[in-house]
Amino acid sequence: NAAKQAAQTLVWYNPAQEAARLSHLGLLSDLRVAVSTSQLQMWLQPKFSLHTGQAVGAEALVRWQHPTRGFVSPAEFVPFAEQTGAITQVTDWMLSQAMHTLAAWQHQHPELSLSVNVSTRDLQDPTFCQRVLHLLQQHGIAPHHLRLEIVESGLMQDTHASIALLHRLRSLGVQLSIDDFGTGYSSLAYLQQLPVTELKIDRSFVTHIEDLPGTQRLVKTMIEMGHGMDLLVTAEGIETEAERAVLQRLGCDVMQGYLGSRPLHGVALQAWLDGLSTSAPAGPDAHAPQP
Ligand code: C2E
Ligand code: MG
Ligand code: MG
Ligand code: MG
């Protein structure tokens, strides 16, 4: 019948998909321009200890203010940029921005770490480790303040070379996080070989967890497994007090999500941190001017 035939035709030619593909081609050349003309911004989402309530750091999230399309979400352009390789320019830009932030924190908030998302594409580049090391040295940053996040599903495609690269980064002292944990089907044997220091439980396990006993058991197991491997365990996407309470009761270490804070523009985050530091004991740097 006609409907069935139409549905089958859609498999072969989907005009919406084709339009999206073509518009992505436009976005790609725009993205190369974006990196060099400050259309990209680094926003920061704070992370908080579930044990003490204190801020422990932030995750850097890229934002693209396109001149004609307006705001383009990373969910839209990052996967595409990964396919084309343009992501490496985004990563380099985000890393260099992150270094400026870490350099400022080093004096005023040495307890904070900053997480930067890296793509498996970056890990295939043998010069990546050198570039990270060079940036850390150039800005005088202790490597353990930097965390690199790699999505679990990406780790599954890793080659021996990229795993060797992870080991090199770790041996420099850089922290490594598995992002979106629980969505990538990695085996425990495989995970154990990775030199990671943090597990970030994906938001899909966190949403409405207070109503889902099965998910609670699963997440409890993830947390225990993480702790058994000496990893810091973070929950992503906590939006409600009920979700926070469950994750805290299950022993999760760190929370990230709209409940704690939405991602903030760098200037807004710095203002918020300055407010925090007024309640901290005043050191010699407490009133130093901002960079
Ligand atoms: P991610 O690394 O898992 O980052 C967390 C995402 O969840 C962010 O979306 C953040 O804004 C969002 N989020 C945080 N808390 C909540 C919450 O409570 N509720 C909900 N609904 N969402 C929350 P964003 O910024 O749109 O980024 C999406 C993804 O794009 C990131 O997921 C990451 O995989 C990728 N991405 C972002 N920035 C970069 C980057 O600089 N480089 C690379 N390679 N990927 C990036
Ligand atoms: Mg991330
Ligand atoms: Mg994530
Ligand atoms: Mg995610």
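Numbering (the numbering used here), first residue to last: 27 to 317.
Every residue gets a Cβ at the ideal spot worked out from N, C-alpha and C, and that includes glycine.
Which residues have their C-beta within less than 6 Å of a heavy atom of ligand 3, listed in chain order? So the residues near ligand 3 by this Cβ test are Asp205, Asp206, Lys226 and Glu262.
Around the C-beta of Gln218, are 16 or more other C-beta atoms found within 10 angstroms, so that it is buried, or is it exposed? With fewer than 16 Cβ atoms within 10 Å of its Cβ, Gln218 is classed as exposed.
So which of Ala187, Met248, Ala297 and Leu202 has the shortest CA-CA distance to Leu214? Taking each of Ala187, Met248, Ala297 and Leu202 in turn and checking the Cα distance to Leu214, the smallest one comes out for Met248.
Ser332 Cβ short of 6 Å to ligand 1 heavy atom set: Missing from the structure shown is residue 332; the chain here goes from 27 to 317 and no further.
Do the CB positions of Gln201 and Arg173 come within less than 7 Å of each other? Their beta carbons are under 7 Å apart, which means Gln201 touches Arg173 by this criterion.
Does ligand 2 have even one heavy atom less than 6 Å from the beta-carbon of Glu224? Incorrect: Glu224 has no Cβ contact closer than 6 Å to ligand 2.
Give me whichever residues DSSP pairs with Glu319 in a beta bridge. An answer regarding residue 319 cannot be provided, because it is not within the stretch 27 to 317 covered by the chain.
Going by the C-beta, is Glu178 closer than 6 Å to any heavy atom of ligand 2? Checking the Cβ of Glu178 against ligand 2 gives no.
Does ligand 1 have even one heavy atom less than 6 Å from the beta-carbon of Glu265? In terms of side-chain proximity, the C-beta atom of Glu265 is found nearer than 6 Å to a non-hydrogen atom of ligand 1.
From which residue to which residue does the beta strand (DSSP E) around Val142 run? That run of the beta strand (DSSP E) goes Ser139 to Asn143.
In terms of alpha-carbon separation, which member of Trp90, Ala294, His234 and Ser145 lies closest to Arg58? With respect to the C-alpha of Arg58, the residue from Trp90, Ala294, His234 and Ser145 having the closest C-alpha is Trp90.
Euclidean distance between Cα positions of Leu299 and Thr127: Distance between the alpha carbons of Leu299 and Thr127: 12 Å.
Could you compute how far the alpha carbon of Glu175 sits from the alpha carbon of Asp148? Annotation: Glu175 to Asp148 spans about 12 Å, alpha carbon to alpha carbon.
Does the beta carbon of Tyr216 fall short of 6 Å from some heavy atom of ligand 1? No, since every heavy atom of ligand 1 falls outside the 6 Å radius drawn around the Cβ of Tyr216.
Please classify Gly301: does DSSP put it in a helix, a strand, or coil? The answer is helix: DSSP assigns Gly301 an H, G or I state.
With DSSP as the reference, label Pro239 as helix, strand or coil. Residue state, collapsed to three classes: helix.
Give the single residue among Arg95, Val280 and Asp256 whose Cα lies nearest to the Cα of Thr78. When each option's Cα is compared against that of Thr78, the closest is Val280.
If we count the other Cβ atoms within 10 Å of its Cβ and call it buried at 16 or more, is Leu302 buried or exposed? Burial call: exposed.
Is the CB-CB distance between Phe207 and Leu225 below 7 Å? Cβ atoms of Phe207 and Leu225: closer than 7 Å.
Exposed or buried, what is Ser55 when buried is set at 16 or more other beta-carbons lying within 10 Å of its beta-carbon? Counting the other CB atoms within 10 Å of its CB gives Ser55 a total below 16, which places it among the exposed residues.
Considering only their Cβ atoms, is the gap separating Leu238 from Ile264 smaller than 7 Å? In this structure, Ile264 lies away from Leu238, with their beta-carbon atoms at least 7 Å apart.
Simplified DSSP assignment, three categories, for Gly210: Gly210 falls in the coil class under three-state DSSP.
Under a three-way DSSP split, which group does Leu290 fall into? Correct three-state label for Leu290: strand.
So, for Ser212: in the same chain, excluding its five sequence neighbours on each side, which residues have a beta-carbon less than 7 Å away from its beta-carbon? Excluding sequence positions up to five before and after Ser212, its CB lies within less than 7 Å of the CB of Glu178, Leu181 and Met182, all in the same chain and listed in chain order.
Just how far apart, CA to CA, sit Arg270 and Leu276? Rounded to the nearest angstrom, the gap between the Cα atoms of Arg270 and Leu276 is 10 Å.
Can you grab the Cα-Cα spacing for the pair Gln71 / Thr185, in whole Å? Distance from the CA atom of Gln71 to the CA atom of Thr185, rounded to whole angstroms, is 31 Å.
Those residues which DSSP pairs with Lys73 across a bridge: Bridge partners of Lys73: Gly83 and Gln282.
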